[in-house]
Each structure stands twice: as structure tokens, then as C-alpha cells.
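A short write-up of the structure that comes next.
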Amino acid sequence: MTLPDSVSTRLKFLCRVAEKEARHLLQTDERLFAQLQQSPTALATDEIEPLLAERMDAFVGRFGRLQDTLGDKLLPTLLDALGEPRGPAIDNLDRAEKFGWIDSADAWMAARRLRNLMVHEYIEDRQILSDALYTGHAFVPVLVAASARLAAVTRSHFG
Amino acid sequence: MVEASCQNSGMRLTEDQICLIRNVVHGVLGVRARVTLFGSRVDDTARGGDIDLLVEIDHPVDHPALSSAQIAVRISRGMHGRRVDVIIDAPNLKRQAIFQIARENGVLL
């Protein structure tokens, strides 16, 4: 398929960004949850230990950036390039689910909402914070797989 | 607090929307979960607005963050992307001042 150079350049750029973001998210995910496994009560305190707090911030930031790069940038650009209609985020995600690029549009949207509940300064109820973080942890492989799939689709169509 | 039984009284929701909200909440947290609509939607003079929901259950909730996110997403989808916010009051969660405000000013669906 032939695309204007600007679109093809942007698609390839977004794929590189997503793959980098996925790698960085995996690194933070590994460090954060190893630390939480070693000290399971660390989240229960009012004042979270500084290194843990930084890792949580990095996790939320990297999780959010990857999800936004994929869902708000790469996916709509790819749909456009393939001549598919693009619309509001939920419609694009439904289309991605139909094509098998993501498993569930609803789970994707739920993970997006969870990001607000992962912020330790704001979420005083530690049960909610902990559940949001661990649910996010379980969603990391979904984001990483989506990143690989969208990149593979891009390369198979546009080189 | 006013009680509504799938009918539109003292709030700006249709019967279908109320049934949708109840069905989604019951599907995620069980049929004994109670849902209260509060915020701008119970104000008949306001227009549009987010859907703010308080969900109360009598048993501990295992996944409070995930459950509230799932409920919000499913209701939002059924209401054409309308912004939905869900807070959960369960015995294992911290009491928040907003729970009481929602109970006092809200409408039980």
C-alpha cells in the first residue's frame, strides 16, 4: 500500500516510540512489583517510602504514556492509513478489538480509568490504591502485546 | 432520600438508563448492591452533566478500583460515552465524607 511520506514517517515514528515506551514500562513494572513483593505492607502507610513513591510515579507515568501513544496516536493513525473510518476513542478501540489487535475495548477503557486511582497522593484509601496498581500490573502484558501487534500490522502493510 | 423504581422522578435519567445502571452494578457487585445517583443529575434545573453514582454493598469488595472502573465503563458505553464516576462504599473501605453527602442529597435507583 502506498502512503504519503509524511503519514508513513509518522506511523513508523509512533511504532518506535511505543516499542521504547513498552520496554521502559516493563522495566519499571519489574522493579516496582519486586519491591512490593518484598515489603507487602509498604503501601499501607500514610507516607510512602521515597524510592517506592518514585517507582509508583514512574509506573503510572509510563503506563499512561504507552496507553495514550497506542490508543490516541498510533491506533487512529493506523486506521486512517488503512482507509478505515476513525472516530471517538471507544469506536477506534472496538475496531481494534474486531481486528484482533486488542482483546477487549472495555478492559482498555477500564485500565484508562484506573490510572486516576494509582496516584498515591490523591488516593487515601490504600485498598483502592493497591487494587489499582495490581490491576495495572496485570494489564501491562496487554499493553506490551498491543504495542507489538500494532507495530507488526504497520510493518506488514507499509514496510 | 427519594427512592426511584425504574421511573424518572427527581432526576434527569430515562427509565432505560436507570435499568441499565442497576443491571451493570448488579452484574459487577451482586444484586444486593444499592446505587444512588447524586450530583448535578438529581438537579432538574441543570442540564447535561456527569453521572455520579454511589454504590453501597454490605460485604467487603475484593477489587474496589477495578469494580468501579468496570461499572463506569459499561454504563458510559450504554449512555453514548457520557462521563460516569463511581464511588464504592463497602465495609473494608475508608469512609469518605462524600458518601454521606451522596446519601443525603441523592436518589436511590
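For the record, the sequence lines run as chains Y and U.
Position 2 (the first sequence) corresponds to 2 in my numbering; numbering is contiguous.
Position 52 (the second sequence) corresponds to 1052 in my numbering; numbering is contiguous.
The C-beta atom is built at its ideal place from N, Cα and C for all residues, glycine as well.
Do residue j and residue i come within 9 Å of each other at the CB atom, strictly closer than that value?
i, j, result
"Ala148 of chain Y", "Ile102 of chain Y", "no"
"Leu1054 of chain U", "Phe1038 of chain U", "yes"
"Ala1065 of chain U", "Ala132 of chain Y", "yes"
"Ile1087 of chain U", "Ala1102 of chain U", "yes"
"Asp72 of chain Y", "Ala53 of chain Y", "no"
"Ser1076 of chain U", "Ile1051 of chain U", "yes"
"Phe158 of chain Y", "Leu14 of chain Y", "no"
"Ile1071 of chain U", "Val1042 of chain U", "no"
"Leu11 of chain Y", "Thr154 of chain Y", "yes"
"Arg1074 of chain U", "Glu1056 of chain U", "no"
Assuming residue i is part of the beta strand (DSSP E), what are its boundary residues?
i, result
"Phe1038 of chain U", "Arg1034 to Phe1038"
"Val1055 of chain U", "Ile1051 to Glu1056"
"Val1084 of chain U", "Val1084 to Asp1089"
How many whole angstroms separate the CB atoms of residue i and residue j, which I take to be in contact at a CB cut-off of 8 Å?
i, j, result
"Phe59 of chain Y", "Asp29 of chain Y", "6 Å"
"Leu32 of chain Y", "Leu150 of chain Y", "Wrong, their Cβ atoms sit about 25 Å apart, outside the cutoff."
"Ala110 of chain Y", "Gly136 of chain Y", "So it is not a contact: roughly 11 Å between Cβ atoms."
Establish whether the CB of residue i and some CB of chain Y are separated by less than 9 Å.
i, result
"Asp1016 of chain U", "no"
"Ser1005 of chain U", "In this predicted model, Ser1005 of chain U has a pLDDT of only 48, less than 50, meaning its place in the structure is not dependable; the value taken from the coordinates is given anyway. Ser1005 of chain U does not count as touching chain Y."
"Arg1103 of chain U", "no"
"Val1035 of chain U", "no"
"Gln1070 of chain U", "yes"
"Leu1020 of chain U", "no"
"Asn1092 of chain U", "yes"
Determine, for residue i, whether the minimum Cβ-Cβ distance to residues of chain U falls below 9 Å.
i, result
"Ala146 of chain Y", "no"
"Ala111 of chain Y", "yes"
"Val142 of chain Y", "no"
"Ile128 of chain Y", "yes"
"Pro88 of chain Y", "yes"
"Leu14 of chain Y", "no"
Could you tell me the boundaries of the alpha helix (DSSP H) in which residue i lies?
i, result
"Asp1062 of chain U", "That residue, Asp1062 of chain U, is in no alpha helix (DSSP H); it is neither H nor E in DSSP."
"Arg1022 of chain U", "Glu1015 to Leu1029"
"Arg1103 of chain U", "Ala1097 to Asn1105"
Run through the segment 28 to 60 of chain Y for me and flag every whole alpha helix (DSSP H) of 4 or more residues, listed as ranges in chain order. none
Which runs of the alpha helix (DSSP H) at least 4 residues long sit entirely within the segment 68 to 133 of chain Y? Give them in chain order. 75 to 81, 89 to 98 and 105 to 114
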